[in-house]
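K.L.:
Attaching a single structure in structure tokens format; questions to follow.
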Amino acid sequence: MIKTVKTVKQLRAAVAAWRKRGLSVGFVPTMGFLHAGHQSLIKKAAAQNDRTVVSIFVNPMQFGPKEDLAKYPRDLAADKKACAAAGAHLIFCPEAGEMYPPAFAARVEISGVSEGLCGASRPGHFTGVATVVAKLFNIVQADRAYFGQKDAQQLAVIRRMAADLNINTRIISCPIVRGSDGLALSSRNAYLNARERQAALCISRALAAGRKMLEGGARSALKVEAAVRATINKEPLAKIDYVKIVDPQTMRPVRQINGAVLCAAAVFIGKTRLIDNFIFGA
29 MIKTVKTVKQ LRAAVAAWRK RGLSVGFVPT MGFLHAGHQS LIKKAAAQND
79 RTVVSIFVNP MQFGPKEDLA KYPRDLAADK KACAAAGAHL IFCPEAGEMY
129 PPAFAARVEI SGVSEGLCGA SRPGHFTGVA TVVAKLFNIV QADRAYFGQK
179 DAQQLAVIRR MAADLNINTR IISCPIVRGS DGLALSSRNA YLNARERQAA
229 LCISRALAAG RKMLEGGARS ALKVEAAVRA TINKEPLAKI DYVKIVDPQT
279 MRPVRQINGA VLCAAAVFIG KTRLIDNFIF GA
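So, in structure tokens, the structure goes:
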């Protein structure tokens, strides 16, 4: 049966016991309310490592004052079953006070790569992400950590952090997992009613149209971005936060497409903010 621990001391003791046996360790950090996308990360970690740790922690530091921390979906019982089914060995499920005790004062800021896209829309978000992931990396000391490509900017921030801080955990990127209708899986999809769920399909349709333009030879980022926006704007329930084509490592805007690019979108469907993307030319 899968084991759940709540303290750093308990987690470190479990990992130390594995290390004494010469076992490799994979790590999947999550905020819970797990879906098939999370399970794909856990399955890959379980396939590539002897033991797999999954963290479930809704990180308050990465939520802004007007964001959805209090109502972020939670279902620990279902999460435990999902972790077990995907092959995880240990769940780390700390309370906020365990991760951020009263005297906690540290912040990890990654400049440049964190500043556009979601970083511009959600000030302080990536400082919260980098801080908690740095803590988790230090606690778990995994050989490999697994992240989904849906959160492409987050992945770039974590790669930059790991390189700059000489973190010895290898960062593994995993493909976006989609529903049968094409919608990228997200815990926030639970907020959508039936009409909004249908409306949200405009995001994946628009990005598919952008990819088709690139495959057809289009090389003006502005023209592709405009076409993606035009498709999304046909949906009355959709409000665009951003549609941008950027360098997938630096997140800097690209005007003329000559190499690999990330085409990323953030769109409000009703009150729910969803993100999606694709990489072209990699």
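Each residue of the sequence shown is one higher than the last, beginning at 29 in my numbering. For each residue, glycine too, the CB sits at the ideal point set by N, CA and C. Computed from a predicted model, the values in this text were never measured in an experiment.
In terms of DSSP beta bridges, what is asparagine 196 paired with?
P.N.:
If you number the sequence shown from 1, residue 196 lands on position 168. None; asparagine 196 has no bridge partner.
K.L.:
Quick one: which unbroken alpha helix (DSSP H) runs of 4-plus residues sit fully inside the region 239-275? Chain order, please.
P.N.:
Counting only runs of 4 or more, we get 249-261.
K.L.:
Once you ignore the five residues that flank methionine 241 on each side, which residues in its own chain have a CB closer than 8 Å to its CB?
P.N.:
Residue mapping note: residue 241 aligns to position 213 of the sequence shown, counting from 1. Only Lys251, Val252 and Ala255 meet the Cβ criterion.
K.L.:
Let me know the alpha helix (DSSP H) ranges lying completely inside the region 115-197, each 4 residues or longer, listed in chain order.
P.N.:
124-127, 145-149, 153-168 and 180-192, all fully within the region 115-197.
K.L.:
Closest to lysine 163 by CA distance: which of Gly115, Ala112 and Met89 is it?
P.N.:
Residue mapping note: residue 163 aligns to position 135 of the sequence shown, counting from 1. Nearest of Gly115, Ala112 and Met89 to lysine 163, Cα basis: Met89.
K.L.:
If distances are taken between C-alpha atoms only, which option among Leu69, Gly54, Ser83 and Arg79 comes closest to threonine 32?
P.N.:
If you number the sequence shown from 1, residue 32 lands on position 4. Nearest C-alpha to threonine 32: Ser83.
K.L.:
To the nearest angstrom, how far is the alpha carbon of alanine 133 from that of lysine 37?
P.N.:
Locating residue 133 in the sequence shown gives position 105, counting from the first residue. Locating residue 37 in the sequence shown gives position 9, counting from the first residue. Cα to Cα, alanine 133 sits roughly 20 Å from lysine 37.
K.L.:
Measuring CB to CB, does methionine 59 end up less than 8 Å from valine 136?
P.N.:
If you number the sequence shown from 1, residue 59 lands on position 31. If you number the sequence shown from 1, residue 136 lands on position 108. It is not a contact, given that the beta carbons lie outside the stated cut-off.
K.L.:
Compare the beta carbon distance of cysteine 291 and glutamate 263 with 8 Å and say whether it is the shorter of the two.
P.N.:
Indexing the sequence shown from 1 puts residue 291 at position 263. Indexing the sequence shown from 1 puts residue 263 at position 235. Not closer than 8 Å, so no.
K.L.:
To which residues of the same chain is asparagine 305 closer than 8 Å at the C-beta, ignoring the five residues directly before and after it?
P.N.:
Position 277 of the sequence shown, counted from the first residue, corresponds to residue 305. Within the same chain, asparagine 305 has close Cβ partners Gln177, Lys178, Ala180, Ile204, Leu235, Leu290, Cys291, Ala292 and Ala293.
K.L.:
Does aspartate 209 pass the burial test, meaning 16 or more other C-beta atoms within 10 Å, or should it be called exposed?
P.N.:
By one-based count along the sequence shown, residue 209 stands at place 181. The residue in question, aspartate 209, is exposed, as its Cβ has fewer than 16 Cβ neighbours within 10 Å.
K.L.:
Using the rule of at least 16 other Cβ atoms within 10 Å of the residue's Cβ for burial, across every protein chain shown, is methionine 29 buried or exposed?
P.N.:
Start at 1 with the first residue of the sequence shown, and residue 29 comes out as number 1. That one is exposed.
K.L.:
In angstroms with no decimal places, state the Cα-to-Cα distance between glycine 65 and glycine 115.
P.N.:
For the purposes of this step, residue 65 is identified with residue 37 of the sequence shown, where counting begins at 1. For the purposes of this step, residue 115 is identified with residue 87 of the sequence shown, where counting begins at 1. Roughly 14 Å separates the two Cα atoms.
K.L.:
Checking the sheet assignment: what are the DSSP bridge partners for cysteine 230?
P.N.:
Residue mapping note: residue 230 aligns to position 202 of the sequence shown, counting from 1. Answer is none; cysteine 230 lacks a bridge partner.
K.L.:
Reducing DSSP to helix, strand and coil, say where alanine 112 ends up.
P.N.:
Counting from one through the sequence shown, the residue named residue 112 turns up at place 84. Here alanine 112 sits in helix by DSSP.
K.L.:
Cα-Cα, which of Asp96, Val56 and Gly298 is closest to phenylalanine 120?
P.N.:
One-based indexing of the sequence shown puts residue 120 at position 92. Taking only the C-alpha atoms, the option nearest phenylalanine 120 is Val56.
K.L.:
Around the C-beta of threonine 35, are 16 or more other C-beta atoms found within 10 angstroms, so that it is buried, or is it exposed?
P.N.:
One-based indexing of the sequence shown puts residue 35 at position 7. Answer is exposed; the Cβ neighbour count stays below 16.
K.L.:
Give the straight-line distance between the Cα atoms of asparagine 194 and asparagine 77, rounded to the nearest whole angstrom.
P.N.:
In the sequence shown, the residue the question calls residue 194 occupies position 166. In the sequence shown, the residue the question calls residue 77 occupies position 49. Between asparagine 194 and asparagine 77, the C-alpha separation is close to 21 Å.
K.L.:
Quick check on the burial criterion: 16 or more other C-beta atoms within 10 angstroms. Buried or exposed for proline 129?
P.N.:
Locating residue 129 in the sequence shown gives position 101, counting from the first residue. It is exposed - the Cβ of proline 129 has fewer than 16 other Cβ atoms within 10 Å.
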